[in-house]
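Each residue of the sequence shown is one higher than the one before, starting from 752 at the first, in the working numbering.
Remarks on the structure that follows.
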Amino acid sequence: MGLRKPPQPSWAINSAVDALLKKEMDFCRKENRAHGIFKENGQEYIKPFNHKDLEIWQNPFTGIQFFDKEHNFLLYGGVDDVMEDSNGKLVVIDFKATAKKADILDTTDVWNNGESYKRQLEIYNWLFKKNEFPVSEKGYLLYYNGDASKPHLGKEMYFRRTLIPFLLDTSWIDPIISEMHSCLQKDEIPESKP
């Protein structure tokens, strides 16, 4: 019929924050030191992880992968970055950017109380476990909140940043994968669940 899907709005500022944070983390990785946000939170022992596959893991089209032979699923996720704690355990981190009047201080200040973002971090954590990496039970959102309180914009946008910790639980993932597989084997479309 010649109809095309309407374009989605771009996330240009979010993408720019993401790209700049990755550059900052790479600089810290090269210097073998913690990023300032971890220092500000008394966690200078958490440093960017150095691995030959990091660029692959960060690519949204490849990501860190696990092939589940039992269900014939290739599961993957493109991480923003991976840190390493003083015990050699990997710590997943995801970057978020927004512009809210109120400060973002903890999970209650983000959409859905951070539950969706927590699940995202848990999937990444699970993928690293499945690839036999030692992982921390903690993950983080690094939130950059655009500061509109300045009298004018000029040529710079200011942000307030917050590191939000999550205690990660990956025990729900394997059962969900089995449920997904079972659902795909059915001849009838299942009823929707709100």
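We put the beta carbon where it would ideally sit given N, CA and C, even for glycine.
- The beta-carbon separation of Gly-828 and Leu-878, rounded to 6 Å, stays under the 8 Å limit for a contact.
- Nearest Cα to His-786 within the set Asn-882, Thr-913, Trp-923, Leu-825: Thr-913.
- For Glu-775, the secondary structure class from DSSP, reduced to helix, strand or coil, is helix.
- Gln-871 is positioned such that its CB atom lies closer than 8 Å to that of Asp-845.
- Distance check between Val-886 and each of Lys-756, Phe-778, Ile-797, Arg-755 places Ile-797 closest, using alpha-carbon atoms only.
- In this structure, Asn-876 lies near Thr-921, with their beta-carbon atoms less than 8 Å apart.
- In the three-state scheme derived from DSSP, where H, G and I count as helix and E and B as strand, Pro-916 is classed as strand.
- Arg-911 is positioned such that its CB atom lies no closer than 8 Å to that of Asp-925.
- If you draw a straight line from the Cα of Gly-793 to the Cα of Thr-858, it is about 19 Å long.
- Rounded to the nearest whole angstrom, the CA to CA distance from Lys-790 to Ile-807 is 27 Å.
- Here Lys-881 is near Phe-817, since their CB atoms are less than 8 Å apart.
- DSSP places Gln-816 inside the beta strand (DSSP E), whose first and last residues are 815-819.
- Judged by DSSP secondary structure, Lys-889 falls within the beta strand (DSSP E) whose first and last residues are 889-897.
- Here Pro-902 is exposed. Its C-beta has fewer than 16 other C-beta atoms within 10 Å.
- Looking at the backbone, the Cα of Glu-873 and that of Pro-941 are separated by about 26 Å.
- When rounded, the separation of the alpha-carbon atoms in Ile-764 and Thr-849 is 9 Å.
- With fewer than 16 other beta carbons inside 10 angstroms of its own, Leu-754 counts as exposed.
- Looking at Leu-919, Pro-757, Met-776, Phe-800, the one whose alpha-carbon comes closest to that of Tyr-891 is Leu-919.
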